[in-house]
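The block underneath contains the structure these notes are about, expressed in structure tokens.
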Amino acid sequence: MIEIRNVSKWYGNFKVLDNINEVIQRNQVVVICGPSGSGKSTLCKCLNGLEDFQQGDIIIDGVSLKDPNTNLYKLRQKIGMVFQKFELYPHMTALENITLAPIKVKKMSRQEAEKKAMTLLERVGIPDQAHKYPGNLSGGQQQRVAIARALAMEPEIMLFDEPTSALDPEMIKEVLDVMIDLAKSGMTMVVVTHEMGFAKEVADEIIFMDQGRIVERATDKTFFSNPKTERAREFLNKILI
Amino acid sequence: MAIFDYKVILDNLPFLMRGLITTFQLALIGISGGLALGILVGMARLSSRPYIYYPATLFVNFLRSIPLILVIFWFYFLVPIIAGRPLGDFLSASVAFIVFEASYFAEIIRAGIQSIPKGQMQAALSTGLDYKQTMRYIIIPQALRNMIPSLLTQSVIIFQDTSLAYVIGLKEFLRSASVVDAREVRSLELYTFVGIVYFIFCFTMSYFTKKWEAKKGMAR
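Protein sequences, first through last, are from chains Z and S.
Counting in the numbering used here, the first sequence tops out at residue 241, every number present.
Counting in the numbering used here, the second sequence tops out at residue 461, every number present.
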């Protein structure tokens with residue numbers, strides 16, 4: 001489904017991504033963790049072409065991001081993304097946030113798009129907030145609207161870039177619950193997060209990154225109790241107090 | 242003969258009002274045309290393509306570096322050459338104002354667009370919207386909202402600037418007053434009247450701009 005081949009990226013002289021290789025299968029949930037500045041968010045944004053990279057290639061469902069004939073706009077329709085700071089459109093209601101892309105990109109009728117949006121809002125547990133503006137919603141509610149917005153395009157892959165980092169502690173659970181639900185429904189997910197509880201419950205693979213490199217990858221729970229590398233051990237000690 | 246004889250104003254009111262209407266028309270054309278062109282130029286200034294960015298940047302920097310009165314003169318002589326026939330003072334003044342004000346509007350637009358967080362663009366693109374749709378539905382509506390105080394301020398300036406069109410003989414408000422003055426020799430009354438009218442309009446506009454800003458500040 002997603003194949004990352006020898007991807008390297010520089011900001012000027014600073015190497016943010018250093019020869020990343022990774023294969024993510026359909027229906028898999030991959031969690032990326034690591035200290036800040038390790039390149040995990042950058043890698044996440046490279047997957048749907050929001051960030052460019054200088055070397056290597058990423059193949060999504062057989063389509064190369066580096067191929068000049070690839071239509072990135074079209075490719076992004078099947079890759080949903082959820083951001084750290086929600087990034088809802090502040091001048092639109094929750095419902096309008098969700099229906100915009102289906103109406104404008106998929107040419108869905110407003111009626112149909114709104115019906116679908118309501119179903120999604122029910123799925124994330126806030127149908128009663130449909131007509132509110134993002135400014136009048138709590139952080140947790142905003143992030144759930146953002147998830148619904150991404151799902152409205154019926155993506156095959158969902159990217160989460162630190163979806164709970166900007167939330168108050170008591171709101172983290174409501175967002176994670178939606179994500180766990182999504183993972184269990186078989187969505188292919190790439191999740192940048194420090195929520196180890198989430199990782200333990202649904203991750204098929206955990207990738208630990210540091211200084212632009214994948215330092216460790218684990219497909220079982222041993223990563224949490226007994227990481228192989230010293231760097232990962234240090235990191236886990238810090239976040240799991 | 243009274244020291245301040247307002248009768249001269251009443252007697253010539255229809256003529257003066259025609260001048261005021263011309264002023265309003267010119268201001269409106271300058272504002273709407275300048276804004277439309279300014280949005281395009283402002284967006285071009287943000288382009289990563291050099292063949293779009295450099296001409297737009299040159300346009301803005303050039304026009305912002307020369308006095309408006311020169312631009313008015315210039316177009317008065319240039320437009321007939323391009324069009325092949327004289328187009329009259331109003332049309333050439335309109336073109337001059339649209340082009341000149343577009344350079345100022347462009348900078349307001351550019352700054353306004355840059356004030357929208359990068360994440361908004363990324364979020365919209367991530368849902369499959371293309372660049373044009375993202376600009377149209379997400380970035381520009383938000384940017385315009387932030388820009389309204391600056392746009393209103395610039396519009397007040399344009400309203401005042403239209404008086405410069407008197408140099409090419411356009412009978413706008415100020416020119417109308419000077420025409421009456423040439424006949425009646427009542428400079429004090431006429432120019433005071435003109436000043437008061439300009440003041441009322443501009444002050445009212447500025448007042449509402451400030452109110453808008455205060456309201457927006459509170460909403461944050």
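The C-beta atom is built at its ideal place from N, Cα and C for all residues, glycine as well.
Bear in mind the structure is a predicted one, so any value in this text is a computation, not a measurement.
A Cβ-Cβ distance of about 5 Å is found for the pair L405 (chain S) and I310 (chain S), placing them in contact under the 8 Å criterion. A residue is called buried once 16 or more other Cβ atoms fall within 10 Å of its Cβ, and N253 (chain S) is buried on that count. Taking a cut-off of 8 Å on C-beta distances, the region 100-108 of chain Z does not touch the region 120-128 of chain Z, as fewer than three cross pairs fall below it.
Within chain Z, H91 have C-beta atoms less than 7 Å from the C-beta of P382 (chain S), given in sequence order. Going by DSSP, K9 (chain Z) is part of the beta strand (DSSP E) stretching over 2-11. For the pair V202 (chain Z) and A183 (chain Z), the CB atoms are nearer than the 8 Å cut-off. Chain-ordered, the chain Z residues with CB closer than 7 Å to the CB of G369 (chain S) read Y73, R76, Q77, A101, V105, M153.
By a beta-carbon distance limit of 8 Å, V30 (chain Z) does not contact I20 (chain Z). Their separation comes to about 12 Å. A130 (chain Z) and S396 (chain S) have their alpha carbons spaced roughly 38 Å apart.
At a cut-off of 8 Å between beta carbons, E162 (chain Z) makes no contact with chain S.
If you draw a 10 Å sphere on the C-beta of Q28 (chain Z), you find 16 or more other C-beta atoms in it, and that means buried.
The beta carbon of I357 (chain S) is closer than 7 Å to those of I380, Q383, A384 in its chain, skipping five residues each way along the sequence. Burial is judged here by how many other beta carbons sit within 10 angstroms of a residue's own beta carbon; V426 (chain S) has fewer than 16 and is exposed. Counting C-beta pairs with one atom in each stretch, the region 332-347 of chain S and the region 368-378 of chain S have fewer than three that are closer than 8 Å, which means they do not touch.
In terms of beta-carbon proximity, I437 (chain S) stays away from the interface with chain Z, with every pair separated by 8 Å or more.
Among the residues of the region 167-191 of chain Z, none has a Cβ less than 8 Å away from any Cβ of chain S. Each residue's CA atom was taken as its position, placing G197 (chain Z) and G125 (chain Z) some 21 Å apart.
Residue pairing of S64 (chain Z) in beta bridges, as defined by DSSP: Z:I59. Within the region 351-379 of chain S, the residues whose Cβ lies closer than 7 Å to some Cβ of chain Z are G360, Q361, Q363, A364, L366, S367, T368, G369, L370, D371, Q374, Y378, I379, listed in chain order. Only exposed fits R377 (chain S), as fewer than 16 other CB atoms lie within 10 angstroms of its CB. For I244 (chain S), the three-state secondary structure derived from DSSP is coil. The region 31-46 of chain Z and the region 72-80 of chain Z do not touch, with fewer than 3 CB-CB distances between them shorter than 8 Å. Those residues of the region 42-64 of chain Z placed with their C-beta closer than 8 Å to a C-beta in chain S are K45, N48, L50, ordered along the chain. Within the region 288-304 of chain S, no residue has a Cβ lying closer than 8 Å to any Cβ of chain Z. Residue burial is scored here from C-beta neighbours: M258 (chain S) has fewer than 16 other C-beta atoms within 10 angstroms and is therefore classed as exposed. In the three-state scheme derived from DSSP, where H, G and I count as helix and E and B as strand, R427 (chain S) is classed as coil. Counting of Cβ neighbours within 10 angstroms places R26 (chain Z) among the exposed residues, the total staying below 16. The C-alpha of G353 (chain S) is placed about 33 Å away from the C-alpha of L319 (chain S). Its chain contains D330 as the residues whose beta carbon lies nearer than 6 Å to that of G410 (chain S), once the 5 sequence neighbours on both sides are disregarded; these appear in chain order. Around the C-beta of Y407 (chain S), 16 or more other C-beta atoms lie within 10 Å, and the residue is accordingly described as buried. In this structure, R305 (chain S) sits away from R351 (chain S), with a CB-CB distance that is not shorter than 8 Å. Taking the Cα of S335 (chain S) as reference, the smallest distance to any Cα among S:I280, S:A268, S:P327 is reached at S:A268.
Taken in chain order, the whole alpha helix (DSSP H) runs of length 4 or more contained in the region 134-199 of chain Z are 139-151, 169-184. Setting aside the 5 residues that flank it on each side, F223 (chain Z) is surrounded in the same chain by I206, each with a C-beta closer than 6 Å to its C-beta; the list follows chain order. Within the region 195-215 of chain Z, no residue places its CB atom closer than 9 Å to a CB of chain S. DSSP places R351 (chain S) inside the alpha helix (DSSP H), whose first and last residues are 330-355.
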